[in-house]
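Residue numbers (the numbering used here): 13 to 327. The beta-carbon is built from N, C-alpha and C at its ideal position, and this holds for glycine as well. Since the model is a prediction, treat every value here as computed from it, not as a measurement.
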């Protein structure tokens, strides 16, 4: 779908993934403030292709992409997966990947985990997991605050651990806290659903703060396994001014990510500056025999390396 010409400014594109019957389509409609997606409670629904729509009014900058629901015992087949990736490419990427889960369920589907890993392998960005959140649907508006608070605490602990495990499996790190939102996207007519309205506003504030990520242009195979990224680092020192008593120099640490694709091709992102600092180091004075206690250049080199090692250990 082409971008409407009357929309000014940044567009925020959201990809919804989740199990069949967990409320992806109704959530998409609630976000967009219109009935863009067909909602079907049939236990054997017709599989629909990945497709998206823009919202209305103050949501006209929001583009929601709905995907085929995952069944309990099967993964998205290769044709569905390729169609989804191709569609995302047509939209020039997405900003957020939304895991839609049923508030009343206690299971994190294995096939959903597999799909997340495959998506990770498709998006060549270092901060992939910062674009992922969970939206809990069917958190009915009449649920008491006390019960909701207890369930939020339980789900936050359980599912944060599962997502951090996926983060560690793919990147080697587990330092991200994943946003979670609790909504009732199909309230009874006349019911007080203000709690969900506030949650959706918080969710959209998070989503609008993200930058787009785009899949790599290749066809994914069903047995694709994600490959860990490798961080590479380089260190530079540059002398700026030297006198008889001191030397001024700049120390700089940069990093980049090396990723090996499933086809064996190696790609890198741009070098990212971690830290740059200017330092002054006094030079050692000559002793009574007019000999230096230590070679000044070697001393500065040792000082720089100690500083750089200290900086690197902080990241």
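Next item on the list: Work out the CA separation of residue 97 and residue 124 for me, nearest whole Å.
Entry: Straight-line Cα distance between these residues: approximately 16 Å.
Notebook entry, point to check: Is the beta carbon of residue 269 sitting closer than 8 Å to the one on residue 243?
Noted result: Yes, Cβ-Cβ distance for residue 269 and residue 243 is below 8 Å.
Note to self: Tell me which residue opens and which closes the beta strand (DSSP E) that residue 65 is part of.
What the structure shows: First-last of the beta strand (DSSP E) with residue 65: 63 to 66.
Note to self: Restricting to Cα atoms, I'd like to know which of 163, 126, 167 and 184 is closest to residue 138.
What the structure shows: Selected option, being the one with the closest Cα: 184.
Check: To the nearest angstrom, how far is it from the Cα of residue 107 to the Cα of residue 178?
Finding: Each residue's Cα considered, the two are about 20 Å apart.
Checklist line | 4-residue-minimum alpha helix (DSSP H) runs that sit fully inside the segment 86 to 111, ordered along the chain | finding: Entirely contained in the segment 86 to 111, the alpha helix (DSSP H) runs reaching 4 residues are, in chain order, 90 to 102.
Check: By how many angstroms is the C-alpha of residue 134 removed from the C-alpha of residue 140?
Finding: Separation of residue 140 and residue 134 (C-alpha to C-alpha, rounded to the nearest whole angstrom) is 10 Å.
Item checked: Bounding residues of the beta strand (DSSP E) (the contiguous stretch that carries residue 29) -> For residue 29, the uninterrupted beta strand (DSSP E) run begins and ends at 24 to 30, by DSSP.
Next item on the list: Leaving aside the five residues before and after residue 27 along the sequence, list all residues of the same chain whose C-beta is less than 6 Å from its C-beta, in chain order.
Entry: If the five residues before and after residue 27 are omitted, its C-beta is found closer than 6 Å to the C-beta atoms of 77, 106 and 109, all from its own chain and listed in chain order.
Notebook entry, point to check: How big is the Cα-Cα spacing for residue 112 and residue 285?
Noted result: Residue 112 and residue 285 have their alpha carbons spaced roughly 35 Å apart.
Notebook entry, point to check: Where does residue 15 sit, in a helix, a strand or coil, going by DSSP?
Noted result: Only weak support exists for where residue 15 lies, its pLDDT of 43 falling under 50; the value from the coordinates is given anyway. It is coil, neither helix nor strand.
Check: Quick one, which of 126, 198, 225 and 43 has its alpha-carbon nearest residue 100's?
Finding: Of 126, 198, 225 and 43, the residue nearest in Cα terms is 225.
Margin query: I believe residue 32 touches residue 82 by the beta-carbon criterion, under 8 Å. Please report the beta-carbon distance rounded to the nearest angstrom.
Written below: At roughly 6 Å, the Cβ-Cβ gap stays under 8 Å, so residue 32 and residue 82 are in contact.
Notebook entry, point to check: For residue 222, which three-state DSSP category applies?
Noted result: Coil, per DSSP.
Next item on the list: May I ask you to report which of helix, strand or coil DSSP gives residue 83?
Entry: Here residue 83 sits in coil by DSSP.
Next item on the list: Could you tell me the distance, in whole angstroms, from the CA atom of residue 73 to the CA atom of residue 66?
Entry: Looking at the two C-alpha atoms, the distance is approximately 7 Å.
Check: Out of curiosity, what's the CA-to-CA distance linking residue 147 and residue 262?
Finding: One C-alpha to the other measures close to 46 Å.
Note to self: I need the straight-line Cα distance from residue 205 to residue 281, nearest angstrom please.
What the structure shows: Straight-line Cα distance between these residues: approximately 44 Å.
Next item on the list: Verify whether the separation of the beta carbon atoms of residue 37 and residue 51 is less than 8 Å.
Entry: Taking 8 Å as the cut-off, the Cβ atoms of residue 37 and residue 51 count as close.
Check: Who are the Cβ neighbours of residue 92 in its own chain at under 6 Å, not counting the five residues just before and after it?
Finding: Same-chain partners within the cutoff: 80.
Notebook entry, point to check: So, helix, strand or coil for residue 264, using DSSP?
Noted result: In the structure shown, residue 264 sits in a strand (DSSP, three-state: E or B).
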